[in-house]
Structure formats: C-alpha cells, structure tokens
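Peer 1: Here it is: the structure, laid out below.
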Amino acid sequence: MYFVGIDWADTKHDILVMSGDGRELDNFTIQHSKDGFETLKNKLLKHDDDPENFYCLIETKHGLLTQYLLENNFTVYSVNPKLVDARRKASGAKTDFIDAKILANMGRSELHDLHKLEPDSEHIQELKVLTRDQEALIQESARLTNRLISTLKEYYPVALELFSKITLPVSLAFLRKYPTPKQARKASRDEIFKFLKKQKHPNPTSKANEIFTKLQKPNLEGNRAICSAKSKFLFTILDQLEPLLEHIDEYDKEIEKLFKSHSDSKIFDSIPGAGKRIAPRLLAEWGDDRSRYADASVVQALAGTSPVPHQSGKMRIVKRRHSCIKPFRNALHQFALQTTRWIPWAKDYYYKKRKEGKQHHEAVRTLANIWVRILFAMWVNKEPYNESKFIKAREKHAA
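So the sequence shown is numbered by full-length UniProt numbering: it starts at 1 and just counts up by one.
The structure is reproduced here in structure tokens:
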C-alpha cells in the first residue's frame, strides 16, 4: 500500500510517495500535461505494477489529473484545501513538497474520514471505450475517403458524380466492378441495371439510366497508363476502407444496444440533432455519477466550452480552453453544430454570434457552453429536453 500526496497547481504538481509505514520513497514534480501525467503513472508503477495499491490524495475532486488517475485505475481521495492549510500552519514547516507530504500523511492516518472519488460505472466505462474507439475509426475512414476522392479526381472524376455519397456500399461496389472509366463506359444500360438490382438499390431503372447517360458523355479521364496504375491504388484504398466502414457499422449496433440499456439514455436521446452517434458519446463522456460535478461550470471547464480570459494591459481577450478532455469537447462541438440545423433558438444564437464577428468555431463553442448548462439541469433532474420550458426560462432571465 502506497500513499501519494499530490500538491495540485495550475501548471505543475508536486508529488510525494510514501510507504504504509511512513517512509518517503520518492518525490518529484510533473507538468500539467499529458506527458506529465504519463510520467506520474510510470514513476508510481515502478514501485508496484498494480495501480489499485496506490492511494492518491489531492485537493480537488475535479480536473484532468483526477480524471486521468481514475481512468487508469488509481484510487483517488479528495481533501479539503483548508485542512491542508491548517496542518501546514500548525507544523510551521517550509520545506519543499510540504503540502504533498501532509496529504500523504493524511492518507495514512485519516483515510476513513476522506472522500473517495468513484470511477465511472462499468456501463459508462464500456460505452466510453466503444465511442472513443469508434471515433478513431471514423477519423481513419475520413482520411481514407479523402484519399479515395483525391485518387478518383486524378483519373476517374465522373465516378464522384454517380452516387450521392462516394462511401455508400453501392458506390464502392461500383468502383470494384468498374475501376476505370473505360470499363465503366463499356457497361450497357441493362448491365448497370442488373448491378444496381443486385445491390438492392431502391430505384434501379431510373438510376441505371442516369449513370449510363453520364458515362456516355465526354468526361475528363486519365490516359491508359495512368488509369492502369491508379486503378491498382484504388483497390488498395478499397481493401482498407470497405472493412473499416463495416466495423464502424458494427460499433453502431453495439453502442446503440449499450446506450439504450442505460437509464440516462432518454435524457441525451431527447434532443433533436443528437443522433445515434452523438447522444451515446455525450452520455459516455458526461458519466452517470451525480456527485461528481458541483455545478455546470465544472463540466464546462472539463469539456473546454468555457473560454479562458487573458488580460494584457487594457486589452482583454478570451481564448479557447486547450486544457480539457478532448473527446468531450469534440462531442459537444459536434452536438452544438447539429442543433443549429434542428432547433430554431440554437440556429438564431449561432448566427447572432457570427454577426457579432465571431468565427465559426467560436460561435459553436459559445453555443456548446449554453448547451452544457441545459444538459446539466436535465441530467441532475433526470428530465428529457423540454424546449418550451427552456424558452420560458430564457425569457424570464432576459426580463
């Protein structure tokens, strides 16, 4: 058993590691960064490879470091900063790492009186891993899709006009069957019709006529050598992209099943625009522990929707908060953007901010910041979204 005192600060943290019998085993300072957190984890695990054997004492129950420790299975206790101040004053000590040492000693002697922070439930942990992994797959599919589009533009641009979306299964199957402009142009109307019917296209007759007509028109295309070489690269891309898209669909099914089985799913699923992917991501990042956040401002800081003010002389500006949980920030950003297409007040607010001179991402962030307050109230009260209730509250606040 080890007790880890963490003297928390904005930019760096002093760490002291103490054994169960009170021996000081190590002390060091880490930066408030991903590399700093990794350094902390690696240094601790050199003493014992089981993170659950470490009791980490810290003067906050929120923040990225706390989140990191919990996600990596360390046991974390929050300590009231006033208690540490009182102990420091009583001791009169002014040595380095004094606060970290006080925290470690409090862990040894008063652990039963301290507040243990709970990690996410297993349900939320699984949902978080699935949604984050799926997002990584989606980003990879976007990279391959861009490569596919770029490749087709080099020798076969008409292929980009044949279907509404290049990544549709029918579109990718068409490229496999007709990987060059010449092969596609040789296909008869009936052959294209049979292909579409096999692909279960809803309107094979009209679509076959449309595709055949486009292919027979004069189109830009590469010469024989370029088409031969690029078609090989096309198959290389398809061999990666097609199974990746299938895996993403499988993730959708698994995530939906897990999401729907959680009692809080009705909260996040009730907002127009959340959709089958964003709603589960919001629940996964938000969690289901009602004691975790003191108020909405804590969530806003963790998710990076609240700005960071900077003062320089008489000039005051605000900047985006870079120190935050990136998957949480991305989920809220995408969510806020979607609501501008579905919810009138969200659309009006976004365009109001644009007229005030804010850039697109800044306008979306400020909208996301409002949504965090709304979602927090819904989450605390376990209530679905009620637009009329929100509008009445906004009008009352404005009055």
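Quick reminder that beta carbons are idealized off the backbone N, C-alpha and C, glycines included.
Because the structure is a prediction, the values reported are computed rather than measured.
Return helix, strand or coil for Gln67, following the three-state DSSP convention.
Peer 2: Reduced to three states, the DSSP call for Gln67 is helix.
Peer 1: Measure the alpha-carbon distance for Lys392 versus Asn386 and round it to whole angstroms.
Peer 2: In this structure, the straight-line span from the alpha carbon of Lys392 to that of Asn386 is close to 10 Å.
Peer 1: Once the 5 residues before and after Leu175 are set aside, which same chain residues still bring their CB inside 7 Å of it?
Peer 2: The answer, listed in chain order, is Ala159, Leu234, Leu238.
Peer 1: Under 6 Å Cβ to Cβ from Phe97, same chain only, skipping five residues before and after it: list those, please.
Peer 2: Hits under 6 Å: Asp14, Leu16, Asn27.
Peer 1: Let's test the definition: count the other Cβ atoms within 10 Å of the Cβ of Ile317 and tell me whether it reaches 16, buried, or not, exposed.
Peer 2: Confidence at Ile317 is low in this model, with a pLDDT of 46, below 50, so the placement of that residue is unreliable and no value is reported for it.
Peer 1: Along the chain, where does the alpha helix (DSSP H) containing Gln125 start, and where does it finish?
Peer 2: That run of the alpha helix (DSSP H) goes 122–155.
Peer 1: In this structure, what does DSSP give as the bridge partners for Phe28?
Peer 2: Ile15
Peer 1: At what residues does the alpha helix (DSSP H) containing Ile226 begin and finish?
Peer 2: Start and end: 224–260.
Peer 1: Does Asp48 come out as helix, strand or coil in the three-state DSSP assignment?
Peer 2: coil
Peer 1: Give me, in chain order, the residues of the same chain whose beta-carbon lies closer than 7 Å to that of Arg88; leave out the 5 immediate sequence neighbours on both sides.
Peer 2: Ile98, Asp99, Ile102
Peer 1: To the nearest whole angstrom, what separates the beta carbons of Leu244 and Ser141, a pair I think is in contact under 8 Å?
Peer 2: 5 Å
Peer 1: Counting along the chain, where does the alpha helix (DSSP H) carrying Ser109 start and finish?
Peer 2: 98–110
Peer 1: Residues in the same chain with beta-carbon distance under 7 Å from Lys177, minus the five sequence neighbours each way, listed in chain order, please.
Peer 2: Phe195
Peer 1: What are the start and end residues of each continuous alpha helix (DSSP H) run of 4 or more residues lying completely inside the segment 321–373, in chain order?
Peer 2: The segment 321–373 contains, as complete alpha helix (DSSP H) runs of 4+ residues, the segments 326–342, 344–355 (chain order).
Peer 1: With DSSP collapsed to three states, give me the class of Trp8.
Peer 2: coil
Peer 1: Roughly how many whole angstroms lie between the Cα atoms of His361 and Thr305?
Peer 2: 11 Å
Peer 1: Please state whether DSSP places Arg316 in a helix, a strand or coil.
Peer 2: Its pLDDT being 45, under 50, Arg316 is placed unreliably in this model, and the coordinates cannot settle the point.
Peer 1: Does DSSP classify Leu40 as helix, strand or coil?
Peer 2: helix
Peer 1: Taking 8 Å as the threshold, find out whether the segment 177–194 comes into contact with the segment 247–255 through three or more Cβ pairs.
Peer 2: no
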